[in-house]
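Enquirer:
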Amino acid sequence: MPGFLCVLFTIYIVLIVVRVVLTWFPVSPGSPIGSINSFLASITDPVLSPVRRLIPPIRLGGTYLDISSIVVIFGGSILLSVVGC
Numbered sequence: 000m001p002g003f004l005c006v007l008f009t010i011y012i013v014l015i016v017v018r019v020v021l022t023w024f025p026v027s028p029g030s031p032i033g034s035i036n037s038f039l040a041s042i043t044d045p046v047l048s049p050v051r052r053l054i055p056p057i058r059l060g061g062t063y064l065d066i067s068s069i070v071v072i073f074g075g076s077i078l079l080s081v082v083g084c
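Position one of the sequence shown corresponds to residue 0 (numbering that gives the first Met the number 0), numbered consecutively onward.
#1: Looking only at C-alpha atoms, which of 31, 47, 65, 79 sits nearest to residue 71?
#2: If we cut at 8 Å on Cβ distances, does residue 71 have a partner in chain C?
#3: Under the three-state reduction of DSSP, which class applies to residue 141: helix, strand or coil?
#4: Please classify residue 15: is it buried, with 16 or more other beta-carbons within 10 angstroms of its beta-carbon, or exposed?
#5: Rounded to the nearest angstrom, what separates residue 7 and residue 81 at their Cα positions?
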């Protein structure tokens, strides 16, 4: 079972990273990339949203840095190392 959890978590990390990379580029909602972005949001938001409520984005000048994805990846990695992945 731990091997299966490792694979699932690795896939989830890749989905989070792809979502983060997509936020760096303008994406039209009606485009094929927009539908991928919506799918990634529906998959990753159930985990990222509670973390965002606990740790709000950090203000950097005129913009904000959302570190929720970093926290989820780091925390999940620690959890899986405890499990034995």
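Cβ atoms here follow ideal geometry from the backbone N, Cα and C, with glycine treated the same way.
Expert: Concretely, from the data shown:
#1: The sequence position of residue 71 within the sequence shown is 72, counting from 1. Ranking the options by Cα distance to residue 71, first place goes to 47.
#2: Of the protein chains in this structure there is only one, and it is not chain C.
#3: Residue 141 cannot be examined here, being either before or after the span of the chain that is shown, 0 to 84.
#4: Numbered from its first residue, the sequence shown carries residue 15 at position 16. With 16 or more Cβ atoms within 10 Å of its Cβ, residue 15 is classed as buried.
#5: Walking along the sequence shown from the start, residue 7 turns up at place 8. Walking along the sequence shown from the start, residue 81 turns up at place 82. Their Cα atoms are separated by approximately 16 Å.
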